[in-house]
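Colleague:
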Amino acid sequence: MAESKALTTRTADFSAWYNEVIARAELADYSPVRGCMVIRPNGYAIWEQMQQALDRMFKDTGHQNAYFPLFIPQSFLSREAEHVEGFAPETAVVTIAGGKELEEPLVVRPTSETIIYSMYAKWIQSYRDLPLLINQWANVVRWELRTRLFLRTTEFLWQEGHTAHASEAEAEAETRQMLGVYRRFAEEWMAMPVITGRKTDSEKFAGALRTYAIEALMQDNKSLQAGTSHNLGQNFARAFEVTYQTSEGSIDFVWNTSWGVSTRLIGGLIMTHSDDSGLVCPPKLAQWQVVIVPIFRTDEERGSVLDAAERLLRELRAAGVRTHLDAREGMKPGAKYYEWEARGVPLRLEIGPRDVAAESAMLARRVGARKESVPMAGLASRIQSEMEAMQIALLEAARERRERASLRGATRAEFIARMEGEGGFVYAGFCGAPTCEAEIKEQTKATIRVLPDEEFRSPKQPTTCMWCGAPSTAEAVWARAY
RNA sequence: CGGGGUGUGGCGCAGUCCGGUAGCGCGCCUGCUUUGGGAGCAGGAGGUCCCGGGUUCGAAUCCCGGCGCCCCGACCA
Numbered sequence: 001m002a003e004s005k006a007l008t009t010r011t012a013d014f015s016a017w018y019n020e021v022i023a024r025a026e027l028a029d030y031s032p033v034r035g036c037m038v039i040r041p042n043g044y045a046i047w048e049q050m051q052q053a054l055d056r057m058f059k060d061t062g063h064q065n066a067y068f069p070l071f072i073p074q075s076f077l078s079r080e081a082e083h084v085e086g087f088a089p090e091t092a093v094v095t096i097a098g099g100k101e102l103e104e105p106l107v108v109r110p111t112s113e114t115i116i117y118s119m120y121a122k123w124i125q126s127y128r129d130l131p132l133l134i135n136q137w138a139n140v141v142r143w144e145l146r147t148r149l150f151l152r153t154t155e156f157l158w159q160e161g162h163t164a165h166a167s168e169a170e171a172e173a174e175t176r177q178m179l180g181v182y183r184r185f186a187e188e189w190m191a192m193p194v195i196t197g198r199k200t201d202s203e204k205f206a207g208a209l210r211t212y213a214i215e216a217l218m219q220d221n222k223s224l225q226a227g228t229s230h231n232l233g234q235n236f237a238r239a240f241e242v243t244y245q246t247s248e249g250s251i252d253f254v255w256n257t258s259w260g261v262s263t264r265l266i267g268g269l270i271m272t273h274s275d276d277s278g279l280v281c282p283p284k285l286a287q288w289q290v291v292i293v294p295i296f297r298t299d300e301e302r303g304s305v306l307d308a309a310e311r312l313l314r315e316l317r318a319a320g321v322r323t324h325l326d327a328r329e330g331m332k333p334g335a336k337y338y339e340w341e342a343r344g345v346p347l348r349l350e351i352g353p354r355d356v357a358a359e360s361a362m363l364a365r366r367v368g369a370r371k372e373s374v375p376m377a378g379l380a381s382r383i384q385s386e387m388e389a390m391q392i393a394l395l396e397a398a399r400e401r402r403e404r405a406s407l408r409g410a411t412r413a414e415f416i417a418r419m420e421g422e423g424g425f426v427y428a429g430f431c432g433a434p435t436c437e438a439e440i441k442e443q444t445k446a447t448i449r450v451l452p453d454e455e456f457r458s459p460k461q462p463t464t465c466m467w468c469g470a471p472s473t474a475e476a477v478w479a480r481a482y
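Residues in the first sequence are numbered consecutively from 1, following the numbering used here.
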């Protein structure tokens, strides 16, 4: 019985496990359209929590939200050479509308640089109009060949920030600032440790000068690009003639940045923390942080237990804890435990006649220590501190796991062995040659995730390229990736 | 698009080799008994067996032709 209801384990088949976690937690479902995903209420609730936190961070750094159209004239995409080359193969195009063939086909946005900068050209006249700091929450469509729930779907939800600045230095500062925001969000909200750094040219955004990213290591030791921040230089400004008059009276092109994170983060969340019992969700992003399960036999017990449970529910909610009372009839407590564990609820409070009599409740944590009886008095603050501790513990556990799976200063042979074996991050010297990078990818399926920022670099910097032996121009972090 | 697999109640599968009018587990509905880690019993609902054609008295099963989906690769947040 238990076996038939258990999930496939992570070690048995990570990818099957991932799909089962999503199904069991009712986060998402497959749609009638290949590659598209229905985000179910439990999954969307996590996205809403993510949105709220990120939106606050964007506003706190001076950005405003706006909304740009879904349809983009096809010609817009072609204005920036690298951009069209990068995105044209994966666009969905509307050629017929209202029963008539359109004069110019409309692309369903794969990203909004082109339409946004065409508008910026109208809105920006003077240096006084800069910086222009806008974000939009939207859906985008990329016709990918292979899709996976949350990680790569044909349509996905994201936010894309698009800014315009008066100088390259200012644009670079903005690019780095938003990478920092993403890093903070990943670590403080998702409890997902990331390394930050710059992408090589082969991995950078189509049309960007430089791309920076946050990269996280999943439990199967594959890397996930969790967010990107691009310094677009003046590439799009030139393509869309976004110019401004400087204080000296001359005309110059603006400097742009764009940055985004998507519903892919939910995939990262799942693969960072969850276990063979199902989803593990950090308290800060959980739809329900606490679920109360009442236990009773007789009608009399039912009355007093539900009474106590409802009082507790009100108290916790008043304290700002997202609490749910599971008063469903005809379902045994054990069945409820399994269900809420699969859904990733961080804390569970069980209240039965014994607890009511003792004015206490049984506290069960989704991860770590077992159940424990806690007094009703002061329970709200106890719950708060439990959640804070869990938030930190999850981040620490994930960081330790990542560090155990990281190898620094690898030789070529060690590198190959790692990539064919356990995987993980490998830090090593890189000559900077695209040919070397391509050869490594072809032979090992590993890519350079980032050229890490100072803080993440090894104490002892490599002097030669791990692959070809030529002098190293930068330390790189390699991994197989999603 | 190449390689592999697979289409049968909501989900997961058996049955296909060797044709005889569809079954199991889970889920769902009703009732009673249950409820401190996935409840038991009784009754019940639910299927054009992916589609089209052929062979046959008779096709989930055999033959021919389509289509869908999944996994591995090429593309990618």
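In this text, a Cβ means the ideal position worked out from N, Cα and C, and glycines have one as well.
Keep in mind that this is a model prediction, so the values were computed, not measured.
Quick one: grab the DSSP three-state call for K59.
Modeller: For the purposes of this step, residue 59 is taken as residue 59 along the first sequence, with counting starting at 1. Of the three classes helix, strand and coil, the one that applies to K59 here is helix, per DSSP.
Colleague: What does D252 pair with, by DSSP beta-bridge criteria?
Modeller: For the purposes of this step, residue 252 is taken as residue 252 along the first sequence, with counting starting at 1. D252 pairs with Y244.
Colleague: Cβ atoms of R449 and E215: under 8 angstroms apart, would you say?
Modeller: Numbered from its first residue, the first sequence carries residue 215 at position 215. Numbered from its first residue, the first sequence carries residue 449 at position 449. Contact: yes.
Colleague: For L394, which option in L132, W189 and A173 has the closest C-alpha, if you only look at C-alpha atoms?
Modeller: If you number the first sequence from 1, residue 394 lands on position 394. Per the Cα distances, W189.
Colleague: Do T163 and L209 have their beta-carbon atoms positioned less than 8 angstroms apart in this structure?
Modeller: The residue you call residue 209 lines up with position 209 of the first sequence. The residue you call residue 163 lines up with position 163 of the first sequence. Not a contact, by the Cβ cut-off of 8 angstroms.
Colleague: Got a sec, what are the start and stop residues for the alpha helix (DSSP H) V181 sits in?
Modeller: Stepping through the first sequence from its first residue, residue 181 is reached at position 181. It spans E168 to R184 - the alpha helix (DSSP H) in which V181 sits, taken as one unbroken run.
Colleague: Please name the residue, chosen from S472, E396, V367 and A364, that lies closest to G411 on a Cα-to-Cα basis.
Modeller: Here the question's residue 411 lines up with position 411 in the first sequence. At residue 411 the sequence reads Thr, which differs from the Gly that was named. Out of S472, E396, V367 and A364, S472 has the C-alpha closest to the C-alpha of T411.
Colleague: When you compare the region 341–352 with the region 362–369, are there three or more beta-carbon pairs, one atom per stretch, that lie closer than 8 angstroms?
Modeller: The region 341–352 vs the region 362–369: in contact.
Colleague: Assuming the contact rule is C-beta atoms closer than 8 angstroms, G424 and L269 should be a hit. Round their C-beta distance to whole Å, please.
Modeller: Position 424 of the first sequence, counting from 1, holds the residue named residue 424. Position 269 of the first sequence, counting from 1, holds the residue named residue 269. Contact doesn't hold; Cβ gap of about 20 angstroms is too wide.
Colleague: Taking the alpha-carbon of C483 as reference, which of V107, L151 and Q461 has the nearest alpha-carbon?
Modeller: This structure cannot settle anything about residue 483, because the visible part of the chain is limited to 1 through 482.
Colleague: Starting from V280, trace the beta strand (DSSP E) in both directions and tell me its first and last residue.
Modeller: Taking the first sequence and counting its residues from 1, the one referred to as residue 280 is at position 280. Element bounds for V280: n/a, residue is neither H nor E.
Colleague: Can you tell me the Cα-Cα spacing of D275 and G227, whole angstroms?
Modeller: On the first sequence, position 275 is the one that residue 275 refers to. On the first sequence, position 227 is the one that residue 227 refers to. Near 24 angstroms, if we compare the C-alpha coordinates of G227 and D275.
Colleague: Quick one: what's got a C-beta closer than 7 angstroms to V21's C-beta in the same chain, skipping five residues either side?
Modeller: Translated into the one-based positions of the first sequence, residue 21 becomes position 21. Same-chain partners within the cutoff: L7, I270, S274, G278 and L279.
Colleague: Do the CB positions of T263 and W17 come within less than 8 angstroms of each other?
Modeller: Mapped onto the first sequence, residue 263 falls at position 263. Mapped onto the first sequence, residue 17 falls at position 17. Cβ atoms of T263 and W17: not closer than 8 angstroms.
Colleague: Using only the alpha-carbon positions, how far apart do F14 and A28 sit?
Modeller: Numbered from 1 along the first sequence, position 14 holds the residue referred to as residue 14. Numbered from 1 along the first sequence, position 28 holds the residue referred to as residue 28. Their Cα atoms are separated by approximately 18 angstroms.
Colleague: Hey, W478 and V426: beta-carbon distance below 8 angstroms or not?
Modeller: For the purposes of this step, residue 478 is taken as the residue at position 478 of the first sequence. For the purposes of this step, residue 426 is taken as the residue at position 426 of the first sequence. In contact: W478 and V426 (Cβ atoms closer than 8 angstroms).
Colleague: Please give me, in chain order, every unbroken run of the beta strand (DSSP E) with length at least 3 that falls completely inside the region 310–354.
Modeller: Runs found: 323–325 and 347–351.
Colleague: Pick helix, strand or coil for G98, following the three-state DSSP scheme.
Modeller: Locating residue 98 in the first sequence gives position 98, where the first residue counts as 1. Three-state result, G98: coil.
Colleague: Go to I195, then tell me how far its beta strand (DSSP E) extends in each direction, as first and last residue.
Modeller: Within the first sequence, residue 195 is the residue found at index 195, counting from 1. Note, I195: beta strand (DSSP E), I195 to R198.
Colleague: Nearest by alpha-carbon distance to V261: which of E437, F58 and M419 is it?
Modeller: Indexing the first sequence from 1 puts residue 261 at position 261. Looking at the Cα atoms, F58 is the closest of the given residues.
Colleague: Do T114 and R142 have their C-beta atoms within less than 8 angstroms of each other?
Modeller: Here residue 114 refers to the residue found at position 114 of the first sequence. Here residue 142 refers to the residue found at position 142 of the first sequence. Not a contact, by the Cβ cut-off of 8 angstroms.
Colleague: Check whether the Cβ atoms of M419 and A446 sit closer than 8 angstroms, and answer yes or no.
Modeller: Start at 1 with the first residue of the first sequence, and residue 419 comes out as number 419. Start at 1 with the first residue of the first sequence, and residue 446 comes out as number 446. Closer than 8 angstroms, so yes.
Colleague: Have a look at Q136 and N65 and give me their C-alpha separation to the nearest angstrom.
Modeller: Indexing the first sequence from 1 puts residue 136 at position 136. Indexing the first sequence from 1 puts residue 65 at position 65. If you take the alpha carbons of Q136 and N65, they lie about 5 angstroms apart.
Colleague: Answer yes if the region 452–471 comes into contact with the region 432–440, meaning at least three C-beta pairs across the two stretches below 8 angstroms, and no otherwise.
Modeller: The region 432–440 vs the region 452–471: in contact.
Colleague: Do you know how far the Cα of L265 is from the Cα of Q49?
Modeller: Here residue 49 refers to the residue found at position 49 when the first sequence is read from its first residue. Here residue 265 refers to the residue found at position 265 when the first sequence is read from its first residue. Distance between the alpha carbons of Q49 and L265 is about 12 angstroms.
Colleague: Between the alpha carbons of H63 and G161, how many angstroms are there, rounded?
Modeller: For this step, residue 63 is matched to residue 63 along the first sequence. For this step, residue 161 is matched to residue 161 along the first sequence. The alpha-carbon atoms of H63 and G161 are separated by roughly 8 angstroms.
Colleague: Does the beta-carbon of K5 have 16 or more other beta-carbons within 10 angstroms, so that it is buried, or is it exposed?
Modeller: In the first sequence, residue 5 corresponds to position 5, counting from 1. So K5 ends up on the exposed side.
Colleague: Quick check on the DSSP output: what are the complete beta strand (DSSP E) runs of length 3 or more inside the region 124–154, in order along the chain?
Modeller: Segments of the beta strand (DSSP E) lying fully in the region 124–154: 132–141.
Colleague: Report buried or exposed for G267, applying the criterion of at least 16 other Cβ atoms within 10 angstroms of its Cβ.
Modeller: Along the first sequence, one-based indexing puts residue 267 at 267. It is buried - the Cβ of G267 has at least 16 other Cβ atoms within 10 Å.
Colleague: In chain order, what residues of the same chain have a beta carbon less than 6 angstroms from the beta carbon of K371, not counting five sequence neighbours either side?
Modeller: To locate residue 371, count along the first sequence from 1; it is residue 371. Once the five neighbours on either side are set aside, the close Cβ partners of K371 are M362 and A364.
Colleague: Please return the same chain residues whose Cβ sits closer than 8 angstroms to the Cβ of A319, not counting the five positions on each side in sequence.
Modeller: As a first step, residue 319 is located in the first sequence; it is residue number 319 there, counting from the start. These residues qualify, in order along the chain: A380, S381, I383 and Q384.
Colleague: Per DSSP, R302 is paired with what?
Modeller: Residue mapping note: residue 302 aligns to position 302 of the first sequence, counting from 1. Looking at the DSSP assignment, R302 forms no beta bridge with any residue, so it has no partner.
Colleague: For L77, which residues of its own chain have a beta-carbon under 8 angstroms away from its beta-carbon, when the five flanking residues on both sides are left out?
Modeller: Working through the first sequence from its first residue, we reach residue 77 at position 77. Closer than 8 angstroms at the Cβ level, and outside the excluded window around L77, lie H83, V84, F87, A88, T91, V107 and T114.
Colleague: Decide if R128 is buried, meaning its Cβ has at least 16 other Cβ atoms within 10 Å, or exposed.
Modeller: In the first sequence, counting from the first residue as 1, residue 128 sits at position 128. Exposed, because fewer than 16 other Cβ atoms sit within 10 Å of the Cβ of R128.
Colleague: Taking just the CA atoms, how far does I195 sit from R146?
Modeller: Taking the first residue of the first sequence as position 1, residue 146 is located at position 146. Taking the first residue of the first sequence as position 1, residue 195 is located at position 195. Each residue's Cα considered, the two are about 26 angstroms apart.
Colleague: Classify I440 as buried or exposed, calling it buried when 16 or more other Cβ atoms lie within 10 Å of its own Cβ.
Modeller: By one-based count along the first sequence, residue 440 stands at place 440. When all chains shown are included, I440 counts as buried.
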